[in-house]
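Read top to bottom, the protein sequences are chains A and B. Counting in numbering that gives the first Met the number 0, the first sequence runs from 0 upward without gaps. Counting in numbering that gives the first Met the number 0, the second sequence runs from 0 upward without gaps. We treat Cβ as the ideally placed atom computed from N, Cα and C, and that holds for glycine. Small disclaimer: the values here were computed from a predicted structure and weren't measured.
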Amino acid sequence: MSMLEASPRWTEGHIGIFDWRNVFRSDRLTVVLVLVLAVVGLMNLYSTDYPLASTAMDAGGQARTQLRNLLFACAVAAVIVCFDYRFLLSLAPLAYLITIGLLIYVEVRGYVAGGSQRWIDLGFTRLQPSEIAKISLIYMLAWYLGLIGERIRKIPYLVLAFIIVGVPAVLIIMQPDLGTTLVLGPIALAMVWMAGCRLWHIASLGVLGVIAVGVIIAHVYGVVPYPESAPDLSDYQKTRIQSFFEPDADPTGAGWHAMQTRLAVGSGGMLGMGFRRGIQTHLKYVPEYKTDSIFVVLAEENGFVGGMILLGLFAALFSRGLILARDCPDMAGTLLGVGCVTMLFVHVFTNIAITIGLMPVTGLPLPFLSYGGTFYLTVMICIATILSLNMRKGVPGRPV
Amino acid sequence: MPAQRKPVRFEGFDRRLMVLTGTILLGFLAIAMRLWNLQVAEGEEYRRLAEDVRLTFQRVEAQRGIIYGRNGEREVVLADNRPAYDLILVPAHCDDPVAVVNKLAELVNINGEALLAEVEDVLRRRPFSHVTVKEDVSKNDLVRVEEHAHALRGVFSNVRPERRYPYGETAGQLIGYMGEINRDELARMRDRYRMGDSLGRSGLEARYEDTLRGQDGLMTVVVYAEDQRPQTRTDATGTPFFDHDRFGRKLEEVTARRVSSSPGNPVHTTLDVGLQAYCESLLERQAGAIVVLNADTGAVLAMASVPSYDPSVFVTQGRNIQRAELLNRRPSPMRNRCFQEIYPPGSVFKIVLAAAALETGIVGPQSTRHCPGHFRIDGSGRPWRCWTFDRGGHGRVDMVDSLAYSCDVYFYEVGLDLGVDAIHEYSTLMGLGVSTGLDIAGEVAGVIPSREWKEAEARARGYTEPWELRWYPGDTVNLSIGQGEAAVTPLQTAVMMACVVNGGRRVIPHLGIDNPPAPSEPFLSEETLAIIQEGLLKCVEKETFPSGTGRRAKIEGMTVLGKTGTAQAVAREHYAHYKNEEDIPMAFRNHAWFTAATMGQEVNLSIAILVEHGLAGSTAAAPLARDVILYYYNNVASSAPVTLAQGEES
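What follows is the structure, given as structure tokens:
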């Protein structure tokens, strides 16, 4: 034992703002949870690739691609963990300004896909500034709220916080990308809440939000005129909201998908149809079943029990993330963790709620499960940020 | 290891963190409850639904509306739908597919080997899906197949509606035809049309598409999986039903979700098929147009354009060769000569000049001019001929005589006095050179030149010098007898002629009976009309020398007004050297015009006749007007005030 005490473990010791040993000092529980979720996601995606009919198909092709996405995202996450989060936080204003610039650029001359401008074509790959915006906004808010401390209780500082959120939100809603915009709101609310703003401030904001949603729904049904200055909802968005309230109104159109999704989830039962045995999804009755509706596959094949296990894993990950955030030495770090956890939670909750018909369809991916590289990267950057909050714990001789 | 220090936070931080954590867990709880509800509480129900209830929708096509015309008193069908029978074969239902195919080859004219190959292919892969044996089989074939039904198990007939045009070529261009929707139209009208739908492509079919098209219905059927589209068949009434899918499983319709189709609305038209057919027969072997309007309302009674085509060529499948032939034939049968082709109006334009001159007071009822057979502007320069140039002219003539004998010199002088602006104003008022507003798409406006038009036209051709853009008196002289750049459609000419007998109103020609467009307010005075009518009557009635140019249209006991026109298709020097006019090549011959109107009848007609390259209006077109008028009052009008013997020479 004395040998061990005399010569500290190789993972101990601290060097400046960048230390590769941080990778091995990461919180074990979080890492395990992330790995389990990643494996669940890969297997679930692999199941969708499995051809039920005997036609020749490249089985598992997309799962393999997703594995590559995962490995790349892990590599990026490892690099981020090696940095001192306070160094990254100090870069937040710069990153925020660059993000705004990218969002304006994409508005002016972005790459149009599926009717909305969301991409910047870099030649070798396509950049999606709205994904970057999620991360840089969390960092920016954490930096700002850490800077002003308790002054958040005063209205001007609170207003400035929402201006910081509002600028990218407006730019993203113009793309139009309603889903991403709706993520930014809860993130900001959670961070401002944890920064210690006044209770009645946030309560009145919540009331305002409820009123706004009410106005949108009333507008869809033509009850009230929509404020002219506000960006109008596109027809497909109105249809989606309408079909949420009346899924039987148009059984061949928008309501058809909701109906098929409900059938698929419901037929999963308690224990599910079994791995690779989901009928509805394999017969392609459910649209977007590899991306936004991936939860249907899990629910159909693994049933209520499978769904509960997935929820449990996410709940554990988020609780652990909040604990790590709480124990972070400074307030800015705590808020950073709160922001990351909230972002992941909003994605998980919204995605599943949409799938099982608790919310209208907007199109948000499910972390770890949905197919797609860009979003995987976003998720892993969040995880890495959470992991990097507590690197100083147990490092001797260093002030926290 | 130093003891971990608890970070210092504001008061209530821990409580707030608990609220946040609680919110997250509450969200998950909501999801869990919903999942429990869906998967456990109602799971059995959903699983049962998902396992064998998969809904697919089948459209029930609505019947297209019928287009009606008239034949005298009776209303007749111009376009309706007939059942087209397709023979289909379901290999899995055949006891011996080879025998069935052989029997079919014996009964109906098909390629047995090709069918057998197809049947074998289907038998191997999807035995319960059907093979089309022959589309649109004849009644005889169908009866023969039914007689041998005992040997043809597995053979069925499918009914679908197909457009039918009972009168064939008669009024073919007016009725128009149907064609499959294209990609652009589909994108524009996604809510109303599906891939493979037909819609009106020309004529009434196109113009009244919205009226004629019905509202499709919807059938819902339970299938087993996607890609396993149900096999629809039709019963005797043409209603589709589901039998089985292509894998042979029984299918059932969810009758509760059925939405019936509603047929399209009929379109009633003023077109008289008998008159139309007669007009077309008059133009046989020639190219030309006859327009017959009700002069008071503008209702189109006939609008013959020869050559024409049978619209069913474009509707029935497998007639591509005929289609290509129609599209390439010259003179083209695809253009409607009544309103899609323009011709110089020639002397019929003098009616406009007469109206303008009398209305503006340029000439009074008594004023006369001298016609020596030729005319020079200000007495010098190039001479313009009167058509009586060889005979030394008409001598002293007034307005009535000038219209009756079609004196060119009189109208050269009157035209110069009027000036181009007044001529253009009155020709536009009377409907020349402007769209008439006919309720069929594709109408051509034609042109009556004006100062502005000439300048714009010259600039468009790259001329810029002031002397190239200016309007010259010589242009007015040319325009005065309807030559030069003037070009109108026969339909416009009929509208112009209607003004003469309906009290000076411009009518809007129309085929549809519903909501007929109202004529304009009168813009010509009674005095003006009386003089023009006198001239046009003399043109037809005067038989003693010098006779009216339209005397071949004369009908004893009936007031017929008329005006001949002989419009140069090419410049005079191209054909002036031919001694005999039968020697002139077709393309160089003059177009023959005659426009006529009747007065004093219950229904007054306004007629415009154009015979392409018919040489002279008085000989080629005027007799046709007589025939048309006789036919109308003998066969179409219900109570003809005079009984007339058809074909009687006058």
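Restricting attention to A/E300, A/V347 and A/V345, the CA atom closest to the CA of A/S46 is found in A/E300.
Excluding its 5 nearest sequence neighbours in each direction, B/L274 has C-beta neighbours in its own chain below 7 Å: V291, L300, A301, Y630, Y631 and V635, listed in chain order.
When Cβ-Cβ separations below 8 Å define contact, B/E252 makes no contact with chain A.
Looking at the DSSP output, B/A78 shares a beta bridge with B/I66. Beta-bridge partners of B/K562 (DSSP): B/T594. Contact annotation for A/W192 against chain B: R15, V18 and L19 [CB-CB distance below 8 Å, chain order]. Between B/F27 and A/A314, the CB-CB gap stays under 8 Å.
Between the alpha carbons of A/V347 and A/V214 lies a distance of about 26 Å. Taking the CA atoms as reference points, A/T349 sits about 10 Å from A/D291. Among the CB atoms of chain A, one or more fall inside 8 Å of the CB of B/Q38. In this structure, DSSP gives B/L523 a state outside helix and strand, which the three-state scheme calls coil.
For A/S266, there is no enclosing beta strand (DSSP E), as DSSP marks it with neither H nor E.
A direct Cα-Cα distance of roughly 30 Å separates A/I351 from A/Y95.
Just measuring C-alpha positions, the residue of B/A113, B/Q365, B/N108 and B/T131 sitting nearest B/N139 is B/N108. Taking 8 Å as the cut-off, the beta carbon of B/H267 is found no closer than this to the beta carbon of B/I628.
B/L34 has a beta carbon lying within less than 8 Å of a beta carbon in chain A.
At a cut-off of 8 Å between beta carbons, B/P6 contacts chain A. A distance below 8 Å separates the beta carbons of B/Q339 and B/G441. B/I174 sits close to B/I66, with the two beta carbons spaced by under 8 Å. DSSP, reduced to helix, strand and coil, places B/C370 within a strand of the structure shown.
Those residues of the segment 178-199 of chain B placed with their C-beta closer than 9 Å to a C-beta in chain A do not exist.
Considering only beta carbons, the part of the segment 136-157 of chain A lying closer than 8 Å to chain B consists of E149, in chain order.
Distance check between A/I134 and each of A/G271, A/M307 and A/L343 places A/L343 closest, using alpha-carbon atoms only. B/N579 and B/M188 have their alpha carbons spaced roughly 59 Å apart. At a cut-off of 8 Å, the C-beta of A/V264 has a neighbouring C-beta in chain B. No Cβ-Cβ contact shorter than 8 Å links A/V340 with A/G311. A direct Cα-Cα distance of roughly 6 Å separates B/A303 from B/C278. Within 8 Å of the CB of A/V296, no CB atom of chain B is found; the nearest one sits about 14 Å away. With its beta carbon less than 8 Å from one in chain B, A/R261 belongs to the interface. A distance below 8 Å separates the beta carbons of A/N21 and A/C81.
Taking C-beta atoms as the reference points, B/I606 and B/A619 fail to come closer than 8 Å.
Beta bridge pairing from DSSP links B/W383 with B/F374. Assigned with DSSP and collapsed to three states, B/E161 falls in strand. The C-alpha of B/L77 is placed about 21 Å away from the C-alpha of B/L490.
The beta carbon of B/Y574 lies closer than 6 Å to those of I583 and F587 in the same chain, with the five residues before and after it left out. DSSP places B/H423 in the uninterrupted alpha helix (DSSP H) bounded by V419 to L428.
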